[in-house]
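Chains as they are written, first to last, in the working numbering: chain E, -17 to 261; chain X, 137 to 294.
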């Protein structure tokens, strides 16, 4: 456990790529995604603040100010400009923005709050040094644990509310595909056994594979399986969760090769062994 | 890093996961934490679904997912419609219906990931009415070649 939490390989470079990926995802989400003028037009009669910020005011037209401030700070933070200032501002304002859009009468549904947690975590990335490497490793381990636990929570909730039958029958995937699926998914509904296979695979993936995220040797395979799982879901049901798995390359695939470069970025400790310049 | 600091960080992580797990096991609302209950229940073979019914100036009627008339993530639209049109005030219901109809005509939107595109009139005529209905669908007699049988329709609003 100590190894997983505090001895991640190459944590600084991975966190740097995660920062860039996360900021790009947020910018894309905000520019073309569902952060629409709906939240400005309907605010006078639909907005109602709730936990955890019951004091948060109706922003009115300042919704745009908040949205474009988040884009601005995401861009700055992603580019690594004044990270100490832009990072916390980005994390805080994005937290407020994501909170704000949940206060419009809709029942909360899991969407993208992992981005908020990861953005907050990225504010704590320390200066690169050997002594701070363990803390950087912990931040990375936190994100990996979040991802693994997310799948496990999804599987556990199915087991609790739907029972084993959820996985064995595949009926929930079948009915949802009939209602909301892609043309390909709807075409596949002619053969319900395909959805039984999908149900069993979902059970294996969500209930057993998450544990393999904690081991160095199996982590990448799990990430590949997860991306495949999401692409499969997207192909059949049209639900991509791209804002989650787009982080996986930075989180899981940048490792040993670049760690050689990282080691070479700590030359001071070996300076004593360097030959002295000729007098 | 000191041993105490490592223990404190590990404790923080355990607390964080406990909150998430509590939501999965017992439900509740504690944004930004999440239960990650995704499609967790078994489906009913006679399922109640919410539908938006739009009519254009030429009399063409379409029955679509509420996500086609509300410009936010489709998965949040059903909850929004249900909450407002069953528990909301008359003012909210009236305003929301009026706003959505205006929005469909004046500022349609395109699809992006979990956001469906706005519904379009086949003849590009303006929409003149928007209603919300509950449809009871019968999955037991589903066939790919025919549309899903609707056993019963009920008006939700107006």
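We treat Cβ as the ideally placed atom computed from N, Cα and C, and that holds for glycine.
Since the model is a prediction, treat every value here as computed from it, not as a measurement.
For a quick check, are the C-beta atoms of residue i and residue j less than 9 Å apart?
i: residue -6 (chain E); j: residue 110 (chain E); result: yes
i: residue 242 (chain X); j: residue 270 (chain X); result: no
i: residue 72 (chain E); j: residue 55 (chain E); result: yes
i: residue 62 (chain E); j: residue -2 (chain E); result: yes
i: residue 218 (chain X); j: residue 89 (chain E); result: yes
i: residue 16 (chain E); j: residue 209 (chain X); result: yes
i: residue 318 (chain X); j: residue 204 (chain X); result: For residue 318 (chain X) there is no data in the structure shown, the boundaries of chain X being 137 and 294.
i: residue 127 (chain E); j: residue 218 (chain E); result: no
i: residue 208 (chain E); j: residue 129 (chain E); result: yes
i: residue 48 (chain E); j: residue 78 (chain E); result: yes
i: residue 221 (chain X); j: residue 234 (chain X); result: no
i: residue 84 (chain E); j: residue 32 (chain E); result: yes
i: residue 162 (chain E); j: residue 220 (chain E); result: yes
i: residue 178 (chain X); j: residue 144 (chain E); result: yes
i: residue 266 (chain X); j: residue 236 (chain X); result: yes
i: residue 211 (chain X); j: residue 260 (chain X); result: no
i: residue 173 (chain X); j: residue 160 (chain X); result: yes
i: residue -16 (chain E); j: residue 237 (chain E); result: no
Can you confirm whether residue i, when its beta carbon is compared against all beta carbons of chain E, has any partner nearer than 9 Å?
i: residue 147 (chain X); result: no
i: residue 220 (chain X); result: yes
i: residue 250 (chain X); result: yes
i: residue 204 (chain X); result: no
i: residue 259 (chain X); result: no
i: residue 231 (chain X); result: yes
i: residue 201 (chain X); result: yes
i: residue 153 (chain X); result: yes
i: residue 185 (chain X); result: yes
What does residue i reach in chain X if we use C-beta pairs closer than 7 Å?
i: residue 136 (chain E); result: 172 and 174
i: residue 84 (chain E); result: 167
i: residue 76 (chain E); result: Neighbours of residue 76 (chain E) on chain X: none; closest Cβ ~10 Å, over 7 Å.
i: residue 144 (chain E); result: 176, 177 and 178
i: residue 27 (chain E); result: 227, 228 and 231
i: residue 124 (chain E); result: 149
i: residue 120 (chain E); result: 145
i: residue -5 (chain E); result: The premise fails here: residue -5 (chain E) is roughly 20 Å from chain X at the closest Cβ pair, so nothing lies under 7 Å.
Using 8 Å for Cβ pairs, my map puts residue i next to residue j. What's the rounded Cβ distance?
i: residue 198 (chain E); j: residue 137 (chain E); result: About 23 Å; that fails the 8 Å criterion.
i: residue 234 (chain E); j: residue 205 (chain E); result: 4 Å
i: residue 225 (chain E); j: residue 185 (chain E); result: Actually they do not touch by this definition, with Cβ atoms about 24 Å apart.
i: residue 167 (chain E); j: residue 216 (chain X); result: Not really, about 25 Å apart at Cβ, beyond 8 Å.
i: residue 229 (chain E); j: residue 0 (chain E); result: 6 Å
i: residue 169 (chain X); j: residue 190 (chain X); result: So it is not a contact: roughly 37 Å between Cβ atoms.
i: residue 188 (chain X); j: residue 202 (chain X); result: 5 Å
i: residue 140 (chain E); j: residue 247 (chain X); result: That pair is no contact at about 28 Å.
i: residue 131 (chain E); j: residue 153 (chain X); result: 6 Å
i: residue 12 (chain E); j: residue 53 (chain E); result: 5 Å
Going along chain X, which residues have a C-beta under 8 Å from residue i?
i: residue 160 (chain E); result: 275, 278 and 284
Using a Cβ-Cβ distance under 9 Å, would residue i count as near chain X?
i: residue 63 (chain E); result: no
i: residue 153 (chain E); result: yes
i: residue 180 (chain E); result: no
i: residue 37 (chain E); result: no
i: residue 109 (chain E); result: no
i: residue 169 (chain E); result: yes
i: residue 198 (chain E); result: no
i: residue 3 (chain E); result: no
i: residue -13 (chain E); result: yes
i: residue 98 (chain E); result: yes
i: residue 263 (chain E); result: Given a span of -17 to 261 for chain E in the structure shown, any question on residue 263 (chain E) remains unanswerable.
i: residue 320 (chain E); result: No statement about residue 320 (chain E) is possible, as the shown extent of chain E runs from -17 to 261 and does not include it.
i: residue 263 (chain E); result: No statement about residue 263 (chain E) is possible, as the shown extent of chain E runs from -17 to 261 and does not include it.
i: residue 34 (chain E); result: yes
i: residue 20 (chain E); result: yes
i: residue 177 (chain E); result: no
Kindly indicate the opening and closing residues of the beta strand (DSSP E) around residue i.
i: residue 183 (chain X); result: 182 to 192
i: residue 291 (chain X); result: 286 to 293
i: residue 83 (chain E); result: Here residue 83 (chain E) belongs to no beta strand (DSSP E), and DSSP marks it neither H nor E.
i: residue 107 (chain E); result: Premise fails: residue 107 (chain E) is in no beta strand (DSSP E) and is neither H nor E.
i: residue 255 (chain X); result: Per DSSP, residue 255 (chain X) belongs to no beta strand (DSSP E) and is neither H nor E.
Which residues of chain X have a Cβ atom closer than 9 Å to the Cβ of residue i, listed in chain order?
i: residue 81 (chain E); result: 167 and 168
i: residue 263 (chain E); result: In this structure chain E extends from -17 to 261, so residue 263 (chain E) is not present and cannot be described.
i: residue 222 (chain E); result: 249 and 250
i: residue 265 (chain E); result: Residue 265 (chain E) lies beyond the stretch modelled for chain E, which goes from -17 to 261, so this question has no answer here.
i: residue 148 (chain E); result: 175, 176, 177 and 178
At 7 Å on the CB atoms, spell out the chain E contacts of residue i, in chain order.
i: residue 160 (chain X); result: 135, 138 and 139
i: residue 209 (chain X); result: 16 and 93
i: residue 235 (chain X); result: 23 and 24
Which first and last residues belong to the alpha helix (DSSP H) in which residue i is found?
i: residue 6 (chain E); result: -7 to 14
i: residue 265 (chain X); result: That residue, residue 265 (chain X), is in no alpha helix (DSSP H); its beta strand (DSSP E) goes 263 to 274.
i: residue 19 (chain E); result: Unbroken run through residue 19 (chain E): none, as it is neither H nor E.
i: residue 179 (chain E); result: 174 to 189
i: residue 58 (chain E); result: 44 to 61
Give me the chain A residues within the contact set of residue i, using Cβ-Cβ distance strictly less than 9 Å, ordered along the chain.
i: residue 156 (chain X); result: In the structure shown, chain A does not exist; the protein chains are E and X.
Would the C-beta of residue i count as close to the ligand NAD, meaning under 8 Å from any of its heavy atoms?
i: residue 221 (chain X); result: This structure simply doesn't include the ligand NAD, nor any ligand for that matter.
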